[in-house]
Amino acid sequence: MSALVIAEHDNASIKGATLNTITAAVACGGDVHVLVAGHNASAAAQAASQIAGVSKVIHADSEVFAHALAENVAAQVLSIAANYTHILFPATAGGKNVSPRVAAKLDVAQLSDVTLVLSADTFERPIYAGNAIATVQSTDALQVLTIRSTNFEAALTSSQAAPIELLGHIDEQGLTICKGQETVKSSRPELTAAKVIVSGGRGLGTAEQYKSILEPLADKMGAAMGASRAAVDAGYVPNDYQVGQTGKIVAPGLYIAVGISGAIQHLAGMKDSKIIVAINKDPEAPIFAVADYGLVADLFTAVPELVQELS
434 MSALVIAEHD NASIKGATLN TITAAVACGG DVHVLVAGHN ASAAAQAASQ
484 IAGVSKVIHA DSEVFAHALA ENVAAQVLSI AANYTHILFP ATAGGKNVSP
534 RVAAKLDVAQ LSDVTLVLSA DTFERPIYAG NAIATVQSTD ALQVLTIRST
584 NFEAALTSSQ AAPIELLGHI DEQGLTICKG QETVKSSRPE LTAAKVIVSG
634 GRGLGTAEQY KSILEPLADK MGAAMGASRA AVDAGYVPND YQVGQTGKIV
684 APGLYIAVGI SGAIQHLAGM KDSKIIVAIN KDPEAPIFAV ADYGLVADLF
734 TAVPELVQEL S
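Oh and the sequence shown: position 266 is 699 in the working numbering, straight run, nothing missing.
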């Protein structure tokens, strides 16, 4: 048995979700290999070789992977898929873009958002927006999994480097063309890796108030900023701020929900947080059912007062 983890990286370093996925791969049993498909990504491949539990890094370096187009990455994965019993992707936007293509081409069922590995062929995953946990046993000879990173510890750094094997890259598939790419840069922590998250909902009223109310609090706490789907749909913040079933799954040490009612779709994305603090003027808001600490108050008064106390 052997498992292949598809690394997410920026060509210079390995992203955090890959470390959690490697932990899941180790739990599947057998050797764990990591595929680093990128352009000028030797630094990322070297970083992957230093991760505990990794027995080999497979490095495919080509301009074909410059924009990590799903069709190209999937083709590269398929070129070596026959060597493995498990292929694992982080359950991120990138992983979810590539994994269904791989599963479909291999004619196997994909198991999504795996939260626990019980054995080599049996896994747990949430259903009904996290209100129930399904135990799934797969009879496929090759398992294609996406891993919910918040449920697995990050793999540590090893003192011994795994060997790096250079792999001949596939040809450009020509199915899509990248016309441009914009990277959002922020001094704040990445949302899915942050230890503290300050999230806002529709109760903030406007994009200007979202910024003026929440940014001072996030600055004081060194926190990432998130939002409910309602706030994103209202145009307060971009899509990459969204926390929830159709957004990002997070599990920080502290999650502060401001003006968020707590729809089931939002709770599915943050209820595994270690400590949840809710501020809402509606005492019947569902968010209070999962909150460790709740404050029934006008957020436009309570949050500035909290910022003042933190000064």
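Beta carbons: idealized from backbone N, C-alpha and C, even for Gly. These numbers come from a predicted model, not from an experiment.
Asked, Found
"CA nearest to the CA of residue 612, picked from 523, 674 and 502", "502"
"Buried versus exposed call for residue 708 [16 or more other C-beta atoms within 10 Å across all chains shown]", "exposed"
"Beta-carbon proximity of residue 773 to residue 465, cut-off 8 Å", "With the chain running from 434 to 744 in the structure shown, residue 773 is simply not present."
"Per-residue DSSP class, three states only, for residue 564", "coil"
"Runs of alpha helix (DSSP H) wholly within the segment 674-719 (minimum 4 residues, chain order)", "697-703"
"Whole-angstrom distance between residue 666 and residue 739, CA atom to CA atom", "27 Å"
"Three CB pairs or more closer than 8 Å across the segment 578-587 and the segment 538-550", "yes"
"Every unbroken beta strand (DSSP E) within the segment 572-601, with a cutoff of 3 residues, ordered by chain", "576-580 and 597-599"
"Burial state of residue 576 (16 or more Cβ within 10 Å)", "buried"
"Three-way DSSP call (helix, strand, coil) for residue 609 in this model", "coil"
"At least 3 beta-carbon pairs within less than 8 Å: the segment 598-612 vs the segment 481-499", "yes"
"Residue from 505, 471, 559 and 499 with nearest C-alpha to residue 524", "559"
"DSSP state of residue 654 mapped onto helix, strand, coil", "helix"
"Spatially closest choice to residue 554 from 436, 743 and 697, by CA coordinates", "436"
"Local conformation of residue 639 per DSSP, three classes", "coil"
"Buried versus exposed call for residue 828 [16 or more other C-beta atoms within 10 Å across all chains shown]", "In the structure as shown, the chain begins at 434 and stops at 744. Residue 828 is therefore absent and cannot be evaluated."
"Paired residues, beta bridge with residue 547 - DSSP", "580"
"Residue of 444, 608, 654 and 674 minimising C-alpha distance to residue 640", "674"
"At least 3 beta-carbon pairs within less than 8 Å: the segment 656-664 vs the segment 679-686", "yes"
"Where residue 616 falls: helix, strand or coil (DSSP)", "coil"
"Closer than 7 Å: residue 470 CB and nearest the ligand PLP heavy atom", "Ligands in the displayed structure: none, and consequently the ligand PLP is not present."
"Where residue 603 sits in the DSSP three-state scheme", "coil"
"C-alpha distance - residue 710 paired with residue 672, whole-angstrom precision", "23 Å"
"Pair within 8 Å by beta-carbon distance, residue 444 and residue 476", "yes"
"Residues near residue 594 in its chain [Cβ-Cβ closer than 8 Å; skip 5 each side]", "479, 482 and 483"
"Option in 567, 528, 744 and 504 with minimal Cα separation from residue 538", "504"
"Cβ-based neighbour list, residue 669, same chain, cut-off 6 Å, excluding 5 preceding and 5 following", "640 and 643"
"DSSP-derived helix/strand/coil call for residue 555", "strand"
"Straight-line Cα distance separating residue 500 from residue 704", "33 Å"
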